[in-house]
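Counting along the sequence shown from 1, when you hit position 133 you're at 132 in numbering that gives the first Met the number 0, and nothing is skipped either side.
Note that CB positions come from ideal geometry on N, CA and C, so glycine has one too.
These numbers come from a predicted model, not from an experiment.
Structure first, then comments.
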Amino acid sequence: MHIKLEQRHGSSLLWQGASYGLAILAGFVATAMLLKLSSADVTTAFEALFRGALGSQRAMLRTLVAATPLILTGLAAVVVFRARIWSIGQEGQVYAGAMGAYWVASSLADAPLVVVGPLAIAGAMLGGATMSGIAALLRNRYEVNEIFSTVMLNYIIVYLLSFLLSGGPWTEAGTTVAYHQTPLLAQTAWLPHLAGPLHAGIVIALLAAIAVHLLLERTSSGYDMRALGANQTALRFMGMDVPRIVLVTMLLSGALAGLAGGVELLGVQHRLKADYLFGLGYGGIIVAMVGGLRPAGTVAVAILFGGLSSGAVDMRIQSGVPDSLIQAMQGTILLFVLCGTALARYRLTWSSAK
0 MHIKLEQRHG SSLLWQGASY GLAILAGFVA TAMLLKLSSA DVTTAFEALF RGALGSQRAM
60 LRTLVAATPL ILTGLAAVVV FRARIWSIGQ EGQVYAGAMG AYWVASSLAD APLVVVGPLA
120 IAGAMLGGAT MSGIAALLRN RYEVNEIFST VMLNYIIVYL LSFLLSGGPW TEAGTTVAYH
180 QTPLLAQTAW LPHLAGPLHA GIVIALLAAI AVHLLLERTS SGYDMRALGA NQTALRFMGM
240 DVPRIVLVTM LLSGALAGLA GGVELLGVQH RLKADYLFGL GYGGIIVAMV GGLRPAGTVA
300 VAILFGGLSS GAVDMRIQSG VPDSLIQAMQ GTILLFVLCG TALARYRLTW SSAK
């Protein structure tokens with residue numbers, strides 16, 4: 000018997016919705032088994048999770064706050080992956096964006112928000128774009144694989160921030176060796192809050208999602224990016240400037256990831272810390288893949304991930320579930336959602352061997 004995986008053509012929205020729903024349900028069943036094995040109270044843990052994610056207006060706002068940077072890093076991954084450029088540099092670009100935003104905001108401490116806000120956002124985008132631009136130039140000029148270059152750049156920028164916060168020029172006076180951070184930014188640099196903890200970064204993220212959708216689907220530049228992913232060799236035969244398309248695509252992706260770092264800095268933390276940005280770039284890659292490399296799907300999955308992160312805080316406090324188990328639960332649920340994505344797009348077929 001031969002078993003093959005075939006792509007579904009024209010699958011209905013009902014089937015896609017059912018696939019995702021069953022996957023999420025199966026993910027929660029699997030996490031319940033993990034909780035049971037750890038001797039945790041499953042009912043209490045799940046009640047705390049849902050209450051922390053959706054149980055009140057403030058909980059839902061916290062979910063959106065957690066989802067905001069993931070939307071942006073997810074969009075960054077969508078842009079490059081749709082072009083089949085395998086950049087894994089979103090993590091370092093987030094750090095570079097936060098550093099760029101902090102440098103601008105701290106340098107303009109006396110300026111009003113209308114001045115320092117846009118400039119700090121621009122600094123964040125420039126920081127992320129610089130990191131991705133280096134990788135693009137290495138690919139175009141020296142044929143360095145972008146997977147290797149972006150991963151190495153991730154390490155470089157993370158350790159650069161560690162140096163700046165470990166007795167370097169950005170270290171806050173009196174900071175202990177075990178907990179490095181910069182001084183708090185002036186409130187004139189903070190993003191305005193819309194309601195409770197929800198800041199204007201969510202508006203920036205949603206506008207970015209709309210812009211990326213329009214770019215990829217409605218513009219010639221977006222067509223070039225998608226064509227690059229479909230057949231790079233054909234583009235070369237057509238006389239297209241492939242290195243330019245690669246550079247523009249990676250610069251845009253880096254700018255979006257850098258924007259995520261800037262928004263998180265200006266909207267939530269208001270200072271740089273050694274580890275508060277950890278995982279946002281890699282999380283964005285997961286969000287983009289589970290979201291089908293579509294802006295709308297990326298937003299939806301980022302909100303799901305944000306809900307899991309927000310609810311996990313209450314779960315930890317109220318049911319005593321350890322951090323390691325919570326992270327395993329989040330990974331399990333996302334793994335099942337990814338399986339649901341495959342189920343919605345592909346089907347198993349088999350035939351008897353002749």
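- For A194, the enclosing beta strand (DSSP E) covers residues H192 to A194.
- P294 is the residue among M239, M151 and P294 whose C-alpha sits nearest the C-alpha of L255.
- Taking I84 as the centre and dropping the five residues before and after it, the same chain places the C-beta of E145, V245, T248 and M249 closer than 7 Å to its C-beta, in chain order.
- Straight-line measurement puts the Cα of L303 at about 11 Å from the Cα of M59.
- Q186 and T170 have their alpha carbons spaced roughly 19 Å apart.
- Under DSSP, L197 forms a beta bridge with A194.
- In the structure shown, E171 falls within a coil segment according to DSSP collapsed to helix, strand and coil.
- Non-local beta-carbon contacts of P111 in its own chain, meaning distances under 8 Å to residues more than five positions away in sequence, involve T187 in chain order.
- Looking from the CA of V289, the closest CA among Q15, E90 and E5 belongs to Q15.
- CA-to-CA, the gap between Y141 and A299 works out to about 38 Å.
- Inclusion of L164 and M130 in the CB contact set at 8 Å is not warranted, their separation being larger than that value.
- According to the DSSP assignment, G96 belongs to the alpha helix (DSSP H) that extends over Q89 to S106.
- In terms of Cα proximity to T149, the closest of I316, Q326, A301 and Y281 is Y281.
- Scanning its chain for C-beta atoms nearer than 8 Å, with the 5 sequence neighbours on each side dropped, one finds around V241 the residues L227, Q231, L234 and R235, in chain order.
- Under the DSSP assignment, Q326 falls in the alpha helix (DSSP H) whose first and last residues are D322 to R344.
- For F80, the uninterrupted alpha helix (DSSP H) segment begins and ends at Q56 to R81.
- Residues of the same chain with a CB within less than 8 Å of the CB of R225, apart from the 5 flanking positions on each side, are R81, A82 and L215 in chain order.
- In this structure the stretch 308-320 lies against the stretch 49-65, because at least three pairs of beta carbons, one per stretch, are closer than 8 Å.
- About 6 Å separates the Cβ atoms of G257 and A95, confirming a contact at the 8 Å cut-off.
- If you draw a straight line from the Cα of A208 to the Cα of C338, it comes to about 24 Å.
- Cβ-Cβ distances below 7 Å link L276 to V93, Y94, A97, G260 and E263 in the same chain, with the five nearest sequence neighbours on each side left out; the list follows chain order.
- The three-state secondary structure of W14, taken from DSSP, is helix.
- Residue environment analysis places A75 among the buried positions, since at least 16 neighbouring C-beta atoms fall within 10 angstroms of its C-beta.
- At least 8 Å separates the beta-carbon of A39 from that of S323.
- Judged by their CB atoms, A31 and V41 are nearer to each other than the 8 Å cut-off.
- Cβ atoms of T340 and G278 stay farther apart than 8 Å, at about 21 Å.
- Boundaries of the alpha helix (DSSP H) around R50: V41 to L53.
- In this structure, H179 keeps its C-beta atom at 8 Å or more from the C-beta atom of V64.
- In this structure, the CA atom of E5 is about 9 Å from the CA atom of R344.
- The Cβ atoms of L271 and Y101 lie closer than 8 Å to each other.
- With respect to the 8 Å criterion, V78 and V211 are classified as neighbours on the basis of their beta carbons.
- By DSSP's assignment, E5 forms a beta bridge with R346.
- Scanning L48, L21, A17 and G20 for the CA closest to the CA of Q326 turns up L48.
- Around the beta carbon of G20, a 10 Å sphere encloses fewer than 16 other beta carbons of the protein chains shown; the residue is thus reported as exposed.
- Put simply, of F27, A194, G221 and M237 the residue whose alpha carbon is nearest the alpha carbon of Q56 is A194.
- A direct Cα-to-Cα measurement between T331 and G116 gives close to 38 Å.
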